[in-house]
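Respectively, the protein sequence lines represent chains D and L. Throughout the first sequence, residue numbering follows full-length UniProt numbering, covering 1 to 351 in sequence. Throughout the second sequence, residue numbering follows full-length UniProt numbering, covering 1 to 351 in sequence.
Protein chains: 2
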Amino acid sequence: MENGYNVAVVGATGAVGTKMIEMLENTTLPLKKVTLLASKRSAGKELTFKGTKLIVEELLPESFEGIDIALFSAGGGISKQFAPEAVKRGAVVVDNTSHFRMDPNVPLVVPEVNKQALKNHQGIIANPNCSTIQMMVALEPIRKVYGLDRIIVSTYQAVSGAGINALEELKSQALAHIEGTHAEQLEANILPCGGDKKHYPIAFNALPQIDVFSDDDYTSEEWKMINETKKIMEDDAIKVVATCVRIPVLSGHSESVYIEVEKDGSSVEKIKQLVAEAPGVTLEDDPSQQIYPQALTSIGSKETFVGRIRRDIDIDKGYHMWVVSDNLLKGAAWNSVQIAETLHEMDLVRI
Amino acid sequence: MENGYNVAVVGATGAVGTKMIEMLENTTLPLKKVTLLASKRSAGKELTFKGTKLIVEELLPESFEGIDIALFSAGGGISKQFAPEAVKRGAVVVDNTSHFRMDPNVPLVVPEVNKQALKNHQGIIANPNCSTIQMMVALEPIRKVYGLDRIIVSTYQAVSGAGINALEELKSQALAHIEGTHAEQLEANILPCGGDKKHYPIAFNALPQIDVFSDDDYTSEEWKMINETKKIMEDDAIKVVATCVRIPVLSGHSESVYIEVEKDGSSVEKIKQLVAEAPGVTLEDDPSQQIYPQALTSIGSKETFVGRIRRDIDIDKGYHMWVVSDNLLKGAAWNSVQIAETLHEMDLVRI
């Protein structure tokens, strides 16, 4: 590095890409140059970075010449094809798609939880799934002290996780329904999952499908939460199970999380204290004042918010909590930029 | 009964009351006359019943002279004051508020589950909480065959449960936010709970508070699900715990339900078959065709819809499912009218 890194954002015009650019505007990473890459269709668009206009360039293998760090968020197919091209040209890739996440040669990193895994990177680091990341940040301080035997999570996921067009669809469906269009007549072309056969309205609805269905009638999103948790926490013995649900929220994923800890000695007060003191987490938990995390108030923050921590009625080592974070930031763009910052701090950017 | 019953609807102009009138239009209950009662403020309003106009009358103790069956849904305070007046005058009361639910002298009834409890009524029968009812209908066929050791439920509850004004608030907040009003500027006067101190926007948000906070930082809504389940299933040993969340849906409560059964021999296929054959339940469960229950498509149906039934990843006797029903119908108005029909069928309306 001389005077800073050359950083590329792949998928610069997308819901996550634009947030990556925002996060880079305030990064502690020394920056020399930021290059914005996207599909041919988006090439030529102008975006603003720190007050100057940058032109989006078409993504090509040669785009990565001279790039030190490449942040990818343009779909699994693009990562599969272009991440190796970037690595070949000397860049470290932080990939926000699911493509490399379960590859044993690719670290899957939430900096607050397992930054040590970065030491083994071979050019590609994977950013976990949005719904996994915030749960990891919330649970790691508890796991470190009391261990985790079991996690049952039901998610309340925002539409922005499905991209800019899904956001527009939610808004236009909501307007149409309020103005009198019958639910059966609402136009739906994207959710629950762009790549699946049928589409359903999300406005004033709750869809228990995120991503396609996979083995045993779980969805891929649910398997991501299960498998990624075990990889990030480096513990295949943790019992994890998820029900992933899309709700008509623009941004901010919420999660109803039930855990059973392993060791004796835990209490609601101790768990609150651990959460309050942990990095990346803000405790918002005062029922007497109606203080608890909310999707709407999480927007724009890099933090994960935790509240409604309470003991299970019947199981001594069981606790329930409500975990909320801006899915586009800690769930995607911020975690990616934070990984890049951590690589720099740990002197792991190969140049 | 001569030529049918005289039925009164108390709270006739409310979100549930208007649905009670709809349900009475198609009831199997022999009807002689329907009397609509409400507060002084609503008295004089005209409502349609089977094509004829009925005038809403002011609720007074004397309103119940000659009434055989009174359906109450006007708030706990009204039930406390007027239900005994109705009983005193010979009416049987079906009360949709929480006021009498845990009274040991008051049967708490979901007809598909425990209609035998009606035999012990002393004039008042309580209609359970909306979120409890649909869970009971879904789980009873499983409990009967395999027993239930434990239930963990996270709810996705619609705004209509909080009344007509809450529905209007959701719509106006949604419109304002889409048209550019910042989340912090959205006007909120009702949710999460009319009787509590602070109010938050529900549009594009998820609020982990329904009703006021109670013991141990659980909400009253969560305690209702816990306590009512044990009373309806007549089994204090069932472990039940709930996280109740309001989401921006107009009508149709959804629930992510985890259960552990007691006996050996269960399987996903057997549980699907039990649910499919049970009264009041429709199995909507074909992931290969993206078939699962949805709040939007549940509206207007008396059924409880169950889908996404799958085995827990780690626990042999653990199952997850997604349970949806129209909270104003099976969760309130229909269950009340159904109780009245069942009282008639069992010859338990005292006249």
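Glycine included, C-beta positions come from ideal geometry on N, C-alpha and C.
Within chain L, no C-beta atom comes nearer than 7 angstroms to that of D/VAL10; the closest sits roughly 29 angstroms away.
The three-state secondary structure of L/SER160, taken from DSSP, is helix. The beta strand (DSSP E) runs lying completely inside the UniProt domain "Semialdehyde dehydrogenase NAD-binding" (6-121) of chain D and spanning 3 residues or more are 31-38, 46-49, 52-55, 69-72 and 92-95, given in chain order.
When 7 angstroms is used as the limit between beta carbons, D/ARG246 is near no residue of chain L, the shortest such separation being about 11 angstroms. Below 8 angstroms, enough C-beta pairs join the segment 268-288 of chain L and the segment 305-316 of chain L to call them touching: three or more.
Within the segment 190-265 of chain L, the complete beta strand (DSSP E) runs of at least 3 residues fall at 239-243 and 253-261.
For D/PRO208, the C-beta contacts it makes with chain L under 7 angstroms involve TYR292, ARG308 and TRP322, in order along the chain.
When C-alpha distances from L/GLU112 are compared across L/ARG143, L/MET102 and L/PRO104, the shortest belongs to L/ARG143. Think of a sphere of 9 angstroms around the beta carbon of D/PRO201: the chain L residues whose beta carbon falls inside it are GLN294 and LEU296, in chain order. Cβ atoms of D/GLY280 and D/VAL159 stay farther apart than 8 angstroms, at about 24 angstroms. If you draw a 10 Å sphere on the C-beta of L/ASP316, you find fewer than 16 other C-beta atoms in it, and that means exposed. Residues of chain L with a Cβ closer than 7 angstroms to the Cβ of D/LEU175 are, in chain order, ILE178. Residue-level contact by beta carbon holds for L/ASN205 and chain D, with a gap shorter than 8 angstroms. Per DSSP, reduced to three states, the secondary structure at L/LEU328 is coil, with no helix or strand assignment. Taken in chain order, the members of the segment 212-239 of chain D whose beta-carbon sits within less than 7 angstroms of a beta-carbon on chain L are PHE213, ASP216, ASP217, TYR218, ILE226 and LYS239.
Membership of D/ALA138 in the alpha helix (DSSP H) is indicated by the continuous run 130-146.
Around the beta carbon of L/HIS182, a 10 Å sphere encloses fewer than 16 other beta carbons of the protein chains shown; the residue is thus reported as exposed. A Cβ-Cβ distance of about 19 angstroms is found for the pair L/VAL245 and L/THR304, leaving them out of contact under the 8 angstroms criterion.
For L/LEU250, the closest alpha carbon among the candidates L/VAL92, L/GLN173 and L/VAL241 is that of L/GLN173.
Around the beta-carbon of L/LYS263, fewer than 16 other beta-carbon atoms lie within 10 Å, marking it exposed. Our two residues, L/GLU168 and L/PRO248, have alpha carbons roughly 12 angstroms apart in a direct line.
Beta-bridge pairing by DSSP links L/ILE124 to L/VAL93.
The alpha-carbon of L/GLU140 is positioned some 47 angstroms away from that of D/LYS115. Annotation: the continuous alpha helix (DSSP H) that includes D/ILE339 extends over 334-345.
Judged by their CB atoms, L/ASN6 and L/THR35 are nearer to each other than the 8 angstroms cut-off.
Residues of the UniProt domain "Semialdehyde dehydrogenase NAD-binding" (6-121) of chain L with a C-beta less than 9 angstroms from any C-beta of chain D: none at all.
D/ARG150 sits buried, since 16 or more C-beta atoms from the chains shown fall within 10 Å of its C-beta. Rounded to whole angstroms, the Cβ separation of L/LEU31 and L/VAL10 is 16 angstroms, and the two are not in contact under 8 angstroms. Secondary-structure assignment with DSSP links L/ASP286 through a beta bridge to L/ILE291.
For the segment 152-163 of chain D, the set of residues with a beta-carbon nearer than 7 angstroms to any beta-carbon of chain L comprises ILE152, SER154 and TYR156, in chain order.
Here DSSP, grouped into helix, strand and coil, assigns D/THR297 to helix.
Collapsing the DSSP output to three states places L/HIS320 in a strand. In this structure, L/GLY66 is the residue among L/THR13, L/ALA12 and L/GLY66 with its C-alpha nearest to the C-alpha of L/GLY4. D/ILE69 places its beta carbon less than 8 angstroms from that of D/VAL92.
Not a single C-beta of chain L is nearer than 8 angstroms to the C-beta of D/ILE190. Boundaries of the alpha helix (DSSP H) harbouring D/VAL268: 268-277, taken from the DSSP string.
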